[in-house]
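> Shown below is the structure under consideration.
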DNA sequence: TAATTGGGTACCATTTTAGTCCTGTATAAA
DNA sequence: TTTATACAGGACTAAAATGGTACCCAATTA
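Chains as they are written, first to last, in the UniProt record's numbering: chain A, 1 to 154; chain B, 1 to 154.
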């Protein structure tokens, strides 16, 4: 399935919600309510996002969460790696040269290129895109081109 | 991590191995040996690939597995979905309109576009590419462009 | 100082994944 | 026709990841 974990999904939804009201401080309970998800789980997700530096938090009354930087500067890749760790399709593609099967594998190189292309794609999609209801515009296009270019040998 | 399951990884490696000797019949045991993976597991993977129509099998002595069609007509997306089911980043993106949270989600649309872009990318990478040690050439480029074009609203 | 709100951690239940095994069946060669 | 080979299918188990919960602590503000 090549699927995101459910928590990552939540993270995206919550981030989008915050992005739509950037100047407000969002309490975990409020967000959970708005998004119709269990509070403790949302809370857990928020903590991970803070730790990853995508959100800032403020304790105490009137506290809550805000974006650490503008939505246009937070990417889908950021959100995914905040929850799931680095975006990589295979074990190989995160840590180079640590696969004992590399010798018999014979697929690693191009698989890593594919992985890189996906990562680049995800880096080109911002939270601003996700939060907007309008279709994603051009950014999807450029980075992939540059990848395929750099990957061309001949 | 947005990671492939290990079995999918195996599948790619095994498929590539078969693709490199397309005219031979490959017994599961031989493949397992070549690829340095446990036989029963490789065997299981092969069965899934047959069921998905990517390989054909021949029983009996001198039997084994062959590609069901040329490596250039088998895509990374084929292999992935043979093992993991349809390529989709979220539950949403496989079955439209079955997400009860769609109303409060507000991310579904663009998330699905991203998912589609990834699927298209994976469909543009063939087994022939994976099996070759040479870097992937142009095909990565076109489909993504066409996506971003169709996704452009303005 | 009391109420609010996030921080951290530990824990548990469930599901998924990976791997194994066994029995059956088709095929080819002797 | 027999025998060895090799896939088919399914059941089963062990291990790991995932998702969700609970609890207590720390910071902030009114």
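The C-beta atom is built at its ideal place from N, Cα and C for all residues, glycine as well. Treat the numbers as computed from the prediction; the structure is a model and nothing was measured.
Looking only at its own chain, which residues have a Cβ that is under 6 Å from the Cβ of residue 127 (chain B), when we skip the five neighbours before and after it?
Counting from 1 along the second chain, the entry for residue 127 (chain B) is found at position 127. Closer than 6 Å at Cβ, skipping near neighbours: 15, 19, 71, 74.
> Could you check how far apart the C-beta atoms of residue 79 (chain A) and residue 54 (chain A) are, in whole angstroms? I think they sit under 8 Å.
In the first chain, the residue the question calls residue 79 (chain A) occupies position 79. In the first chain, the residue the question calls residue 54 (chain A) occupies position 54. Right, their Cβ atoms sit about 7 Å apart.
> At a CB distance below 8 Å, what residues from the region 69-85 of chain B approach chain A? Give them in sequence order.
Those would be 76, 80, 84, 85, in chain order.
> Thinking just about the alpha-carbon of each residue, which of A:117, A:91, A:118 is nearest to the one in residue 105 (chain A)?
Within the first chain, the letter at position 105 stands for residue 105 (chain A). The shortest C-alpha separation from residue 105 (chain A) is found at A:91.
> Taking the DSSP output, what are the residues bridged to residue 170 (chain B)?
For chain B, the structure presents residues 1 to 154; residue 170 (chain B) sits outside this window and is missing.
> Could you say if the region 50-67 of chain A and the region 100-115 of chain A meet the contact criterion of at least three C-beta pairs nearer than 8 Å?
As far as the Cβ criterion goes, the region 50-67 of chain A does not touch the region 100-115 of chain A, which means the pair count is below three.
> Please confirm if residue 7 (chain B) has its CB atom under 8 Å from at least one CB of chain A.
Counting from 1 along the second chain, the entry for residue 7 (chain B) is found at position 7. By this cut-off, residue 7 (chain B) is not an interface position.
> Between residue 36 (chain B) and chain A, is any beta-carbon pair separated by less than 8 Å?
Along the second chain, one-based indexing puts residue 36 (chain B) at 36. Yes, because at least one Cβ of chain A sits closer than 8 Å to the Cβ of residue 36 (chain B).
> Please state the DSSP three-state secondary structure of residue 126 (chain A).
For the purposes of this step, residue 126 (chain A) is identified with residue 126 of the first chain, where counting begins at 1. Here residue 126 (chain A) sits in strand by DSSP.
> Please state if the CB of residue 1 (chain B) and the CB of residue 2 (chain A) are separated by a distance shorter than 8 Å.
In the first chain, the residue the question calls residue 2 (chain A) occupies position 2. In the second chain, the residue the question calls residue 1 (chain B) occupies position 1. Taking 8 Å as the Cβ cut-off, residue 2 (chain A) and residue 1 (chain B) do not qualify as a contacting pair.
> Using a Cβ cut-off of 8 Å (strictly closer), state whether residue 120 (chain B) contacts chain A.
Taking the first residue of the second chain as position 1, residue 120 (chain B) is located at position 120. So, not an interface residue.
> In angstroms with no decimal places, state the Cα-to-Cα distance between residue 30 (chain B) and residue 11 (chain A).
Translated into the one-based positions of the second chain, residue 30 (chain B) becomes position 30. Translated into the one-based positions of the first chain, residue 11 (chain A) becomes position 11. Each residue's Cα considered, the two are about 45 Å apart.
> Ordered along the chain, which non-local residues of its own chain (more than five positions away) have a Cβ less than 7 Å from that of residue 153 (chain B)?
Taking the second chain and counting its residues from 1, one reaches residue 153 (chain B) at position 153. Here residue 153 (chain B) scores only 30 on pLDDT, less than 50, and its place in the model is too uncertain to base an answer on.
> Under 8 Å Cβ-Cβ, which residues of chain A neighbour residue 29 (chain B)?
Translated into positions along the second chain, residue 29 (chain B) becomes position 29. Chain A residues near residue 29 (chain B): none, gap ~15 Å exceeds 8 Å.
> Of all Cβ atoms in chain B, is any one closer than 8 Å to the Cβ of residue 87 (chain A)?
Start at 1 with the first residue of the first chain, and residue 87 (chain A) comes out as number 87. Closer than 8 Å: yes.
> What is the DSSP secondary structure of residue 39 (chain B), counted as helix, strand or coil?
Translated into the one-based positions of the second chain, residue 39 (chain B) becomes position 39. Residue 39 (chain B) falls in the helix class under three-state DSSP.
> Among A:77, A:102, A:76, A:49, which residue has its Cα nearest to the Cα of residue 67 (chain A)?
Against the first chain, residue 67 (chain A) aligns to sequence position 67. For the residues A:77, A:102, A:76, A:49, the minimum Cα distance to residue 67 (chain A) belongs to A:49.
> Run through chain A and tell me which residues come within less than 7 Å of residue 129 (chain B), C-beta to C-beta.
Here residue 129 (chain B) refers to the residue found at position 129 of the second chain. Under the 7 Å cutoff, chain A gives 110.
> Would you mind sorting residue 36 (chain A) into buried or exposed? The rule is 16 or more other CB atoms within 10 Å of its CB.
Residue 36 (chain A) sits at position 36 when you count from the first residue of the first chain. Per the 10 Å Cβ criterion, exposed.
> Taking DSSP as the reference, what is the three-state secondary structure of residue 90 (chain A)?
Here residue 90 (chain A) refers to the residue found at position 90 of the first chain. Residue state, collapsed to three classes: coil.
> Using a Cβ-Cβ cut-off of 8 Å, state whether residue 104 (chain B) counts as contacting chain A.
Here residue 104 (chain B) corresponds to residue number 104 of the second chain, with the count starting at 1. Answer yes: the Cβ-Cβ gap between residue 104 (chain B) and chain A drops below 8 Å somewhere.
> Please report the straight-line C-alpha distance between residue 38 (chain A) and residue 129 (chain B), rounded to a whole angstrom.
Counting from one through the first chain, the residue named residue 38 (chain A) turns up at place 38. Counting from one through the second chain, the residue named residue 129 (chain B) turns up at place 129. In a straight line, the C-alpha of residue 38 (chain A) is about 45 Å away from that of residue 129 (chain B).
> How many whole angstroms separate the CB atoms of residue 24 (chain A) and residue 46 (chain A), which I take to be in contact at a CB cut-off of 8 Å?
Against the first chain, residue 24 (chain A) aligns to sequence position 24. Against the first chain, residue 46 (chain A) aligns to sequence position 46. Not quite, the Cβ-Cβ distance comes to about 15 Å (not below 8 Å), so this is no contact.
> Residue range of the alpha helix (DSSP H) that residue 7 (chain A) falls in?
Position 7 of the first chain, counted from the first residue, corresponds to residue 7 (chain A). From DSSP, the alpha helix (DSSP H) with residue 7 (chain A) extends over 6-20.
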